[in-house]
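Keeping their order, the protein sequence lines are chains A and B.
Numbering-wise (the working numbering), the first sequence opens with residue 828 and increments by one.
Numbering-wise (the working numbering), the second sequence opens with residue 3 and increments by one.
Here a beta-carbon is modelled for each residue, glycine too, at the ideal position from N, C-alpha and C.
Notes follow the structure.
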Amino acid sequence: GAGVSQSPSNKVTEKGKDVELRCDPISGHTALYWYRQSLGQGLEFLIYFQGNSAPDKSGLPSDRFSAERTGGSVSTLTIQRTQQEDSAVYLCASRVNGRVTSNEQFFGPGTRLTVL
Amino acid sequence: AQSVSQHNHHVILSEAASLELGCNYSYGGTVNLFWYVQYPGQHLQLLLKYFSGDPLVKGIKGFEAEFIKSKFSFNLRKPSVQWSDTAEYFCAVQPWRDTGRRALTFGSGTRLQVQP
Numbered sequence: 828g829a830g831v832s833q834s835p836s837n838k839v840t841e842k843g844k845d846v847e848l849r850c851d852p853i854s855g856h857t858a859l860y861w862y863r864q865s866l867g868q869g870l871e872f873l874i875y876f877q878g879n880s881a882p883d884k885s886g887l888p889s890d891r892f893s894a895e896r897t898g899g900s901v902s903t904l905t906i907q908r909t910q911q912e913d914s915a916v917y918l919c920a921s922r923v924n925g926r927v928t929s930n931e932q933f934f935g936p937g938t939r940l941t942v943l
Numbered sequence: 003a004q005s006v007s008q009h010n011h012h013v014i015l016s017e018a019a020s021l022e023l024g025c026n027y028s029y030g031g032t033v034n035l036f037w038y039v040q041y042p043g044q045h046l047q048l049l050l051k052y053f054s055g056d057p058l059v060k061g062i063k064g065f066e067a068e069f070i071k072s073k074f075s076f077n078l079r080k081p082s083v084q085w086s087d088t089a090e091y092f093c094a095v096q097p098w099r100d101t102g103r104r105a106l107t108f109g110s111g112t113r114l115q116v117q118p
């Protein structure tokens with residue numbers, strides 16, 4: 828596709844339910860990031876995938892959060908037993924790996940998650 | 003760990019006014035610097051970036067930013083704003099050497115409102 832796509836665009840769920848958020852990166856981009864944007868705050872790094880390497884999970888806020896990337900392309904972010912503080916916009920970004928000049932990350936439109 | 007401060011949370015200007023949005027970061031090493039913009043209802047887009055060389059960087063739509071290493075600053079400027087510049091602006095830094103992860107650390111954003 829032309830850009831990074833994410834689905835769903837909006838998700839409303841009840842506290843305690845599990846949710847899955849999907850990201851389709853730009854074709855050929857080997858690096859994929861998940862960020863979270865909470866109300867009134869900047870974007871917070873969650874997790875990073877690069878090719879077949881083990882993901883960098885250092886930004887995940889708790890063990891209720893997990894993510895996988897199948898076939899080096901599509902990624903799914905899963906939040907188990909959602910809490911109200913999980914309400915945020917979840918953004919995915921992808922990047923071509925390579926030299927410094929290719930460090931730009933391209934962002935998707937985000938998924939707005941609301942936990943009631 | 004690095005951090006980014008955007009001291010102006012909400013700026014209101016009239017059309018044709020000049021704009022300067024502050025961005026300061028804390029990190030002891032070399033960084034790449036970015037400004038992203040998020041127009042209402044749209045996803046994050048790269049406005050401009052600095053990797054090395056001339057510290058005055060020109061981006062899209064007449065925006066520019068100046069990297070002042072001694073002040074750890076990367077302020078965004080535009081001589082004459084338009085109503086269409088109404089958006090949220092995010093400054094971001096990326097340690098030049100961070101084991102390849104290259105995740106961005108964002109500021110909390112500045113909401114710019116341009117009045118016609």
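ASP87 (chain B) sits in a helix when the DSSP states are folded into three classes. The segment 47–57 of chain B makes no contact with the segment 901–916 of chain A; the number of CB pairs closer than 8 Å stays below 3. With respect to chain A, the C-beta atom of ARG104 (chain B) has a partner C-beta closer than 7 Å. Contact between PHE934 (chain A) and ILE853 (chain A) does not hold, since their C-beta atoms are separated by about 10 Å, which reaches or exceeds 8 Å. Contact with chain A is found for PHE108 (chain B), since one of that chain's Cβ atoms lies less than 7 Å from the residue's Cβ.
Put simply, of B:SER75, B:GLY111, B:ARG104, B:VAL33 the residue whose alpha carbon is nearest the alpha carbon of ASP883 (chain A) is B:ARG104. With a threshold of 7 Å between beta carbons, HIS45 (chain B) makes contact with chain A. For ILE906 (chain A), the three-state secondary structure derived from DSSP is strand. For ASP851 (chain A), the uninterrupted beta strand (DSSP E) run begins and ends at 846–851, by DSSP. Three or more Cβ pairs closer than 8 Å define a contact, and the segment 70–77 of chain B meets that threshold against the segment 18–36 of chain B.
Of the candidates B:ASN34, B:TRP85, B:PHE36, the residue whose Cα lies closest to the Cα of LEU21 (chain B) is B:TRP85. A straight-line Cα-Cα distance of about 22 Å links PHE69 (chain B) and LEU46 (chain B). Taking a beta-carbon distance threshold of 7 Å, LEU48 (chain B) counts as an interface residue toward chain A. Taking a beta-carbon distance threshold of 7 Å, GLY855 (chain A) does not count as an interface residue toward chain B. Between the C-alpha atoms of PHE872 (chain A) and LYS842 (chain A) there is a straight-line separation of about 23 Å. Taking a beta-carbon distance threshold of 7 Å, GLN868 (chain A) counts as an interface residue toward chain B. In terms of Cβ geometry, GLN877 (chain A) and ARG891 (chain A) do not form a close pair [threshold 7 Å]. Under the three-state reduction of DSSP, ASP913 (chain A) is assigned to helix. At least 7 Å separates the beta-carbon of TYR29 (chain B) from that of GLN8 (chain B).
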